[in-house]
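A quick write-up on the structure given underneath.
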Amino acid sequence: ATPVPTSRGALIAIEGLDRAGKSTQCDLLMERLQREGKKARLQKFPDRTTTIGKMIDSYLKSTSQLDDHAIHLLFSANRWELAAKILADVNEGWTIIMDRYVYSGVVFSAAKGLGYEYCRTPDTGLPRPDAVIFLDLSAADAAKRGGFGEERYEVPKMQRRVREMFQFMMEDVRDEGDWKVLDAGKSVEEVQGEIWGLVEKAEEFAKGTGLRSIA
Ligand code: NYM
Ligand code: MG
Numbered sequence: 002a003t004p005v006p007t008s009r010g011a012l013i014a015i016e017g018l019d020r021a022g023k024s025t026q027c028d029l030l031m032e033r034l035q036r037e038g039k040k041a042r043l044q045k046f047p048d049r050t051t052t053i054g055k056m057i058d059s060y061l062k063s064t065s066q067l068d069d070h071a072i073h074l075l076f077s078a079n080r081w082e083l084a085a086k087i088l089a090d091v092n093e094g095w096t097i098i099m100d101r102y103v104y105s106g107v108v109f110s111a112a113k114g115l116g117y118e119y120c121r122t123p124d125t126g127l128p129r130p131d132a133v134i135f136l137d138l139s140a141a142d143a144a145k146r147g148g149f150g151e152e153r154y155e156v157p158k159m160q161r162r163v164r165e166m167f168q169f170m171m172e173d174v175r176d177e178g179d180w181k182v183l184d185a186g187k188s189v190e191e192v193q194g195e196i197w198g199l200v201e202k203a204e205e206f207a208k209g210t211g212l213r214s215i216a
């Protein structure tokens, strides 16, 4: 008998500023994927459950201090320690939604003053998402969404720099064509509808190609 062709799942990153609605949208998306009976799972970065993740967690909660380079490399190492599982799962047909990925990794560290190219280097070779969905929120809309949390980086000055770095990176990777920018100022339902459309496209795209690597 002819073997049934198995197709891989899609690898999708959801990115954006703090308060852009990433986690809300990821939760809604997972519910819908599961309702439709798709093999899908969520991978949050940082993944705070691993040994490296726990170091990151305590840094973000300011219970530990680390050199900027050291924490940058730990965030990247946290992706690398999960890369093999992501690859294997995608190739087994799982669609993986990532709540943040290398893009947050680059912009948050670059916003602190590390060089942009330096920041990209440790993530080179990681699985490249089929689509990066960037939830874009204007400064004005962000301000309407109330206060920041209590973790490191959740202060206006840092957030402004992160926004600028995201804008810079969006331009830099524009040619690669995999960034989809959505207006996160719209209603939760509208944004979810647009994300759904992009996810379906990415799944379609994934059927015809192998996973690529971050250049
Ligand atoms: N963050 C996240 C980084 O600085 N580098 C990274 O590589 C990643 C994935 O961690 N302010 C920052 C962005 C957030 C913080 O993320 C924790 P979250 O989504 O709030 O758990
Ligand atoms: Mg946060």
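Converting from the sequence shown to UniProt numbering requires adding 1 to each position, the first position being numbered 1.
Beta carbons are placed, not taken as given, at the ideal position from N, Cα and C, and that holds for glycine.
Taking 6 Å as the cut-off, is the beta-carbon of Gly106 closer than that to any non-hydrogen atom of ligand 1? For the purposes of this step, residue 106 is taken as residue 105 along the sequence shown, with counting starting at 1. Distance from the C-beta of Gly106 to the nearest heavy atom of ligand 1 is below 6 Å.
To the nearest angstrom, report how far apart Asp179 and Phe149 are at their CA atoms. Residue mapping note: residue 179 aligns to position 178 of the sequence shown, counting from 1. Residue mapping note: residue 149 aligns to position 148 of the sequence shown, counting from 1. Each residue's alpha carbon lies about 29 Å from the other.
Any heavy atom of ligand 1 closer than 6 Å to the beta-carbon of Tyr119? By one-based count along the sequence shown, residue 119 stands at place 118. Checking every heavy atom of ligand 1 against the Cβ of Tyr119, none is found closer than 6 Å.
Applying the criterion that 16 or more other CB atoms from any shown protein chain within 10 Å of the CB defines a buried residue, is Lys55 buried or exposed? Here residue 55 refers to the residue found at position 54 of the sequence shown. Around the CB of Lys55, fewer than 16 other CB atoms lie within 10 Å, so the residue is classed as exposed.
May I ask you to report which of helix, strand or coil DSSP gives residue 1? The structure shown does not extend to residue 1, since the chain is modelled only from 2 through 216, so no value can be given for it.
Does the distance from the C-beta atom of Asn79 to that of Pro47 stay below 7 Å? Here the question's residue 79 lines up with position 78 in the sequence shown. Here the question's residue 47 lines up with position 46 in the sequence shown. For Asn79 and Pro47, yes; Cβs fall inside 7 Å.
Between Glu195 and Gln26, what straight-line distance do the alpha-carbon atoms span, to the nearest angstrom? The residue labelled residue 195 in the question sits at position 194 within the sequence shown. The residue labelled residue 26 in the question sits at position 25 within the sequence shown. Taking the straight line from one Cα to the other gives about 11 Å.
Enclosing beta strand (DSSP E) for Leu136 [first to last residue]: Residue 136 sits at position 135 when you count from the first residue of the sequence shown. Here the beta strand (DSSP E) through Leu136 covers 132-137.
First through last residue of the alpha helix (DSSP H) which encompasses Val182: To locate residue 182, count along the sequence shown from 1; it is residue 181. Premise fails: Val182 lies in the beta strand (DSSP E), 180-184, not in any alpha helix (DSSP H).
Proximity test, Arg20 beta-carbon vs ligand 1 heavy atom, cut-off 6 Å: Start at 1 with the first residue of the sequence shown, and residue 20 comes out as number 19. No - ligand 1 has no heavy atom lying nearer than 6 Å to the Cβ of Arg20.
Is Ile97 closer than 7 Å to Arg36 when the C-beta atoms are compared? The residue you call residue 36 lines up with position 35 of the sequence shown. The residue you call residue 97 lines up with position 96 of the sequence shown. No Cβ-Cβ contact shorter than 7 Å links Arg36 with Ile97.
Grab me the residues of Asp90's own chain with a C-beta within less than 8 Å of its C-beta, minus the 5 sequence neighbours each way, in chain order. In the sequence shown, residue 90 corresponds to position 89, counting from 1. Gly10, Arg42, Ile97.
Give me the Cα-Cα distance between Gln44 and Trp197, rounded to the nearest whole angstrom. Taking the first residue of the sequence shown as position 1, residue 44 is located at position 43. Taking the first residue of the sequence shown as position 1, residue 197 is located at position 196. About 17 Å.
If you count every other CB in all the chains shown that lies within 10 Å of the CB of Arg101, and 16 or more means buried, which is it? In the sequence shown, residue 101 corresponds to position 100, counting from 1. The residue is buried, with at least 16 neighbouring Cβ atoms inside 10 Å.
Assuming Tyr104 contacts Met170 (C-beta within less than 8 Å), just tell me the rounded distance between them. By 1-based counting over the sequence shown, the position of residue 104 is 103. By 1-based counting over the sequence shown, the position of residue 170 is 169. Sure, about 6 Å apart at Cβ, within 8 Å.
Just the C-alpha distance for Thr122 and Ala111, rounded to the nearest angstrom, thanks. Here residue 122 corresponds to residue number 121 of the sequence shown, with the count starting at 1. Here residue 111 corresponds to residue number 110 of the sequence shown, with the count starting at 1. Answer to the nearest angstrom: the Cα atoms are 12 Å apart.
Excluding the 5 residues preceding and the 5 following Lys181 in the sequence, name in chain order all residues of the same chain whose CB lies nearer than 8 Å to its CB. Residue mapping note: residue 181 aligns to position 180 of the sequence shown, counting from 1. Short of 8 Å from the beta carbon of Lys181, and not among the five residues preceding or following it, lie these beta carbons of its own chain, in chain order: Ala132, Val133, Ile134, Phe135, Leu199.
When the Cα of Leu61 is compared with those of Met166, Ser188, Tyr154, Val174, which residue comes out closest? Counting from 1 along the sequence shown, the entry for residue 61 is found at position 60. Cα-wise, what sits closest to Leu61 is Tyr154.
Range covered by the beta strand (DSSP E) that runs through Lys45: The residue you call residue 45 lines up with position 44 of the sequence shown. Looking at the DSSP string, the run of the beta strand (DSSP E) that includes Lys45 is 41-45.
Which one of Ser188, Ala85, Ala71, Ser8 has the shortest CA to CA distance from Arg146? Locating residue 146 in the sequence shown gives position 145, counting from the first residue. Closest option to Arg146, Cα to Cα, is Ser188.
Tell me whether Ile215 sits in a helix, a strand or coil according to DSSP, three-state version. Taking the sequence shown and counting its residues from 1, one reaches residue 215 at position 214. Reduced to three states, the DSSP call for Ile215 is coil.
Less than 7 Å between the C-beta atoms of Leu34 and Leu138, yes or no? Taking the first residue of the sequence shown as 1, we reach residue 34 at position 33. Taking the first residue of the sequence shown as 1, we reach residue 138 at position 137. Not in contact: Leu34 and Leu138 (Cβ atoms no closer than 7 Å).
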